[in-house]
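Student: Residue 140 in UniProt numbering is what sits at position 140 of the sequence shown, and the numbering runs on without skipping anything.
Backbone N, C-alpha and C define an ideal beta-carbon position, used for all residues, glycine too.
Remember, it's a predicted structure, so these values are computed and weren't measured experimentally.
This is the structure I want to talk about, given as structure tokens.
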Amino acid sequence: MTLLTWIALPLTLLVYVGTKVLYKKYKSMLVSPILLAPILLIGILLVTNGSYDHYKQGASAISFMLGPATVAFAVPMFKYFDLLKKHRVEISLSVGLGTFAAMISSMLLALVFHLQSTLVHSLIPRSVTIPIAVNVSQTLGGDPNITIMFVIITGVVGCMVAPKLIKLLALHSSLARGLLLGVASHGTGTARAFEFGKIEGTFSSLGMIVAALLTMLFANMLLPTIFA
């Protein structure tokens with residue numbers, strides 16, 4: 001094991017905490033951990049001529065925790081279960097249409113730019129959280145690494161645009177704001193939704209989880225037939 005392997009995990013955590021402090025101070029997605037932390041880590045590897053394989057080996061615990069971290073978003077839903085049940089129809093329609101629109105827009109984008117099939121399959125699950133997006137990408141024959149890049153870009157852009165859209169449309173509904181962020185920007189959007197309030201964060205968590213399940217269902221049952 002190399003030195004990089006040993007320090008990969010603490011280095012990643014240090015960079016994350018540092019970017020988190022910057023984000024809390026400036027409240028800009030340009031310095032958010034999901035965008036700035038990877039850029040800084042890549043820069044460190046390039047400057048030190050470090051091996052990505054050695055870094056990945058040392059920081060593998062973070063990848064392992066992605067699944068449990070995603071599941072943890074479901075915890076607030078127990079507290080507001082009655083509220084979620086009350087709006088089940090609105091939630092079902094909004095998440096269903098939003099998920100369908102996200103996948104269709106990805107396919108249309110691929111057709112317009114004549115992307116290769118691998119890129120198309122990697123692009124389709126861009127609007128769901130990383131652990132599920134990677135699974136869907138592999139199922140379709142895409143490249144998980146490209147998918148992760150698309151997911152991060154979608155999350156960052158969504159979190160930059162959504163607050164402005166919420167203000168422009170004068171959305172005062174916690175339901176609308178939460179679902180908008182959760183369905184459009186997955187985990188990144190959900191974290192942003194909790195900044196609006198706990199109820200927004202709860203709706204966003206549910207939207208993100210249901211959107212991910214619908215994407216998996218659509219990808220496994222329908223997309224293989226479409227791309228056959």
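Quick one: Cα of Pro76 to Cα of Ser106, how far?
Tutor: For Pro76 and Ser106, the distance between alpha carbons rounds to 31 Å.
Student: For Leu108, is the classification buried or exposed, using 16 other Cβ atoms within 10 angstroms of its Cβ as the cut-off for buried?
Tutor: Leu108 comes out exposed.
Student: Between the segment 13 to 22 and the segment 169 to 184, can you find at least three pairs of beta-carbon atoms closer than 8 Å?
Tutor: Taking 8 Å as the limit for Cβ pairs, the verdict is that the segment 13 to 22 does not touch the segment 169 to 184.
Student: With a Cβ-Cβ cutoff of 7 Å, do Val15 and Leu41 count as a contact?
Tutor: The answer is yes: Cβ separation under 7 Å.
Student: With distance defined between alpha-carbon atoms, name the residue in Thr129, Ile130, Ala212 and Ile146 nearest to Leu123.
Tutor: For Leu123, the nearest C-alpha among the options comes from Ile146.
Student: Beta-carbon separation of Thr12 and His54 under 7 Å?
Tutor: No, the pair does not count as a contact, with Cβ atoms beyond the cut-off.
Student: Can you give me the start and stop residues for the alpha helix (DSSP H) that Arg192 sits inside?
Tutor: Where Arg192 is concerned, the enclosing alpha helix (DSSP H) stretches over Ser174 to Phe196.
Student: Quick check on the burial criterion: 16 or more other C-beta atoms within 10 angstroms. Buried or exposed for Gly67?
Tutor: When all chains shown are included, Gly67 counts as exposed.
Student: Roughly how many angstroms separate the alpha carbons of Gln116 and Asp143, rounded to a whole number?
Tutor: When rounded, the distance between both Cα atoms is 12 Å.
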